[in-house]
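Here is the structure we will look at, set down as structure tokens.
In the numbering used here, the protein residues as written are 12 to 364.
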């Protein structure tokens, strides 16, 4: 490819990324307006700008209040934690998915491959069974998500299979184990209160998210996302063979470990606050590849933005389409499964080998 063509393609990708970033901002702001209680765009912007001025000036500056107290309560206390959490969870699951797919050179890989989702699901179910409260459910889900991946990694270290294959097999085994444990918890749970609560949590929802949940999820997701963004150019080398990567001075084993740790932190934190939301980390990476190509220098940032945008839209639909809120896991399955079938039929799931 000539230098001129490369420059032209880079400009095209920049335009696409700018459009994606603009879509993210529009969906983010639009999500505050959409809901059972109407908030005008003007009031929304004034509330957000006034709060930002207060934070920057340590409470010294703010706009003259022309909005109602109820509008401020709806925007800042109810919708803000939920919308930001939807953006964070969508971005985290999508980035984790694209990282795993590149690491394993397998387009069918998703963030729950290593058992993080099923481990977190068991942790939440156990906490509900033991009546540990909402914060206890979140902490337990996060902890067991990390434990599941740690177990899978330790098992793979003693395997005679190839490293990537051993990780996949260990992840499948650990996922199956924790799924069985979750089923047992559901079996012994109280059928009037505990079982419905466990079932609803496992279907995924952001209806109960508060500011404390947002703070809980923010730091693990940030800690996981930053290294992936900084190392995104190195992740291109994971598509090469071990010998080729080593010839370039890259220790693929260490890089894989970093990717696993980062993706696990993001996935566990996401599942801990939102429940098990499928398809985001499987389908969104393929859309990113269709638009931005296979270069991880573009894929990682694009997957963060597209995943966040997608889940915010799904959450808007979930809280407005019916009188009772629909779990996010159901909606993402309705969207993800047909799209994935379409990608299979059109041959859009090519491996990165």
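Backbone N, C-alpha and C define an ideal beta-carbon position, used for all residues, glycine too. Note that this is a predicted model, so its numbers are computed, not measured.
Candidates the options: which alpha carbon is nearest residue i's?
{"i": "residue 33", "options": "319, 339 and 326", "result": "319"}
{"i": "residue 205", "options": "138, 299 and 290", "result": "138"}
{"i": "residue 117", "options": "94, 175 and 53", "result": "175"}
{"i": "residue 124", "options": "295, 300 and 184", "result": "184"}
{"i": "residue 31", "options": "70, 298, 355 and 258", "result": "298"}
{"i": "residue 250", "options": "280, 263 and 238", "result": "263"}
{"i": "residue 232", "options": "239, 280 and 329", "result": "280"}
{"i": "residue 284", "options": "135, 111, 71 and 52", "result": "135"}
{"i": "residue 96", "options": "303, 327 and 334", "result": "327"}
{"i": "residue 189", "options": "242, 132 and 207", "result": "132"}
{"i": "residue 186", "options": "39, 227, 126 and 274", "result": "126"}
{"i": "residue 158", "options": "276, 313 and 330", "result": "276"}
{"i": "residue 240", "options": "74, 203 and 314", "result": "314"}
{"i": "residue 195", "options": "335, 226 and 140", "result": "140"}
{"i": "residue 192", "options": "155, 227 and 211", "result": "155"}
{"i": "residue 295", "options": "317, 274 and 312", "result": "317"}
{"i": "residue 365", "options": "288, 341, 321 and 332", "result": "The structure shown does not extend to residue 365, since the chain is modelled only from 12 through 364, so no value can be given for it."}
{"i": "residue 120", "options": "332, 333, 274 and 334", "result": "274"}
{"i": "residue 162", "options": "177, 172 and 171", "result": "177"}
{"i": "residue 112", "options": "334, 169, 170 and 247", "result": "247"}
{"i": "residue 35", "options": "312, 211 and 200", "result": "312"}
On the CB-based measure, 16 or more other CB atoms within 10 Å of its CB, does residue i come out buried or exposed?
{"i": "residue 271", "result": "buried"}
{"i": "residue 165", "result": "exposed"}
{"i": "residue 307", "result": "buried"}
{"i": "residue 146", "result": "exposed"}
{"i": "residue 77", "result": "exposed"}
{"i": "residue 305", "result": "exposed"}
{"i": "residue 290", "result": "buried"}
{"i": "residue 355", "result": "exposed"}
{"i": "residue 237", "result": "exposed"}
{"i": "residue 114", "result": "buried"}
{"i": "residue 301", "result": "exposed"}
{"i": "residue 224", "result": "buried"}
{"i": "residue 352", "result": "exposed"}
{"i": "residue 182", "result": "buried"}
{"i": "residue 278", "result": "buried"}
Report, in whole angstroms, the separation of the C-beta atoms of residue i and residue j, which I expect to be a contact under 8 angstroms.
{"i": "residue 102", "j": "residue 122", "result": "Residue 102 to residue 122, Cβ: 12 angstroms. No contact."}
{"i": "residue 323", "j": "residue 42", "result": "5 angstroms"}
{"i": "residue 310", "j": "residue 109", "result": "5 angstroms"}
{"i": "residue 105", "j": "residue 292", "result": "6 angstroms"}
{"i": "residue 48", "j": "residue 85", "result": "5 angstroms"}
{"i": "residue 197", "j": "residue 179", "result": "That pair is no contact at about 27 angstroms."}
{"i": "residue 63", "j": "residue 229", "result": "Residue 63 to residue 229, Cβ: 17 angstroms. No contact."}
{"i": "residue 128", "j": "residue 282", "result": "5 angstroms"}
{"i": "residue 338", "j": "residue 214", "result": "4 angstroms"}
{"i": "residue 58", "j": "residue 82", "result": "7 angstroms"}
{"i": "residue 330", "j": "residue 46", "result": "7 angstroms"}
{"i": "residue 336", "j": "residue 167", "result": "About 39 angstroms; that fails the 8 angstroms criterion."}
{"i": "residue 303", "j": "residue 27", "result": "7 angstroms"}
{"i": "residue 288", "j": "residue 340", "result": "5 angstroms"}
{"i": "residue 220", "j": "residue 242", "result": "About 30 angstroms; that fails the 8 angstroms criterion."}
Across the stretch 136 to 152 and the stretch 343 to 357, are there enough close Cβ pairs to call them in contact, namely three or more that are closer than 8 angstroms? no
Review point. Given 8 angstroms as the limit, is there contact between the stretch 88 to 95 and the stretch 257 to 264, that is, 3 or more CB pairs closer than that?
Key: no
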